[in-house]
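**Student:**
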Amino acid sequence: MNQSFSKALSSLVMAAGLSLALVSGSSFAERAPMAPLPSPSGVDFPLSVPANPNSLANGTQAQSQPANPSIFTTANSDPYNFVSIPDKEASVLIQRSGEQWRVIRNGIITVYGGWLMALAFFGIVAMYIVKGPIKLHEPMSGNLIKRFSFLERLTHWVMAYSFIGLALTGLLILYGKYFAMPLMGGVAYGSFLMVCKNIHNFSGPLFTLSIIIFFLLLVRKNIPGEGDMAWLMSFGGILSGKHVPAGFFNFGEKIWFWFGMTFLGLVISSSGFVLDMIVPFMEVQYIRGTMQIANIVHSSASILMTTMAMGHIYIGSIGMQGSLDGMRTGSVDATWAKEHHELWYNKVNK
Ligand code: HEM
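Going letter by letter, the sequence shown gives residues -29 to -1, 1 to 321 in mature numbering (1 follows the signal peptide of the UniProt record, and there is no 0).
1) Compare the beta carbon distance of Trp307 and Gly293 with 9 Å and say whether it is the shorter of the two.
2) For the alpha helix (DSSP H) that Val238 lies in, which residues bound it at each end?
3) Any chance the CB of Val319 is under 8 Å from a heavy atom of the ligand HEM?
4) Sort out for me which residues DSSP pairs Ile105 with in a bridge.
5) Under three-state DSSP, which class holds Lys59?
6) Leaving out five residues before and five after Arg76 in sequence, what residues of the same chain have Cβ atoms less than 6 Å from its Cβ?
7) Would the beta-carbon of Tyr146 fall within 9 Å of that of Gly85?
8) Are the beta-carbon atoms of Thr140 and Phe185 separated by less than 9 Å?
9) Should Phe173 be labelled buried (16 or more other beta-carbon atoms within 10 Å of its own) or exposed?
10) Just to check my reading of the structure: Val255 and Val245 have Cβ atoms closer than 8 Å, yes? What is that Cβ distance to the nearest angstrom?
11) Reducing DSSP to helix, strand and coil, say where Ser302 ends up.
12) Where does Leu115 sit, in a helix, a strand or coil, going by DSSP?
13) With a cut-off of 8 Å on the beta carbons, I'd call Val319 and Ile116 a contact; round off their distance for me.
14) Less than 9 Å between the C-beta atoms of Leu295 and Gly301, yes or no?
15) Using the three-state DSSP reduction, which class does Ser120 fall into: helix, strand or coil?
16) Any heavy atom of the ligand HEM closer than 8 Å to the beta-carbon of Gly301?
17) Could you check where the alpha helix (DSSP H) with Phe230 kicks off and where it finishes?
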């Protein structure tokens, strides 16, 4: 791999890490007591926002914000008030579970998701600093073995770049208000987020399509088989320190293929289609409750996939000597093939 690429990648990784740390830390701001913002009308009410947002779920917001018109306080109190308009959406005066959704999204998902991504990121950085990249034991032979076709590489990179676009814009949608909005100001941030949302909405279907094509292209090579049990037992040789012979893909890659790309990819795609209101072949009621559930499923699965993708991107680039060659050029060096996919190497050389 050429040096300038690895330098650029390291700086990118560093920048992403700092942003993640900022994001996970600043998401705690949501939980901290907040000084009331000045009212845009110039008339300030004695507002106070409770320190614990969980209490908002109990409808206490109305009590702690005397500025709320009393009509909402009354409608939100027990016994449960209702409107008799037949339209399910139009008859919702106050959707109480909306408050629970807000607490889950802005509390549990942003805080714990932020920590998960930050931990994974710093774990990878620590591994890179302490152990360094996995190096080949023998020098490169110069003999190349064909590994991926042009279509496989094209699909992989469409999937990778659309994923990166989705992850960056998605994280801005989730966390941007904590660090970008104070820097940019509300109006500029609003327009910026609109651009992010459009990039996100249009890259989504491309990502889904590339997952489906990549799945069809590589599913046969990801069927569990020889060498997988041994790989799993020794966790790829990390625990034993011994080399574990693997087939075309090792078991770690197969987990990434089945769980990371296929399962999480499809969960993210289907919930994203609901949020975009473009689910084909099905009658979906795009009401608030459905959107809130889709939003929670979408963001949780995306955070999990981003966490796993960090490990994949690291090992597929600066984390392992020679690993990027197959996806970049289509061929790998025979020494790399023998050291990392010995069962496949033996089959090719039979
Ligand atoms: C810049 C980002 C990425 C880099 C540098 C990268 C690198 C690589 C490399 C080098 C391989 C080939 C590994 C081998 O020869 O055994 C590979 C395979 C693969 N990549 Fe990526 N990748 C990236 C992003 C992604 C993303 C975002 C996804 C999923 C959404 C993804 C999914 C896969 C899958 C499923 C495989 C095949 C593994 C298998 O089928 O078992 N990659 N990647």
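Glycine included, C-beta positions come from ideal geometry on N, C-alpha and C.
**Tutor:** Inspection of the coordinates gives the following:
1) yes
2) 236 to 247
3) no
4) Met291
5) coil
6) none
7) yes
8) no
9) exposed
10) 6 Å
11) strand
12) strand
13) 6 Å
14) no
15) coil
16) no
17) Premise fails: Phe230 is in no alpha helix (DSSP H) and is neither H nor E.
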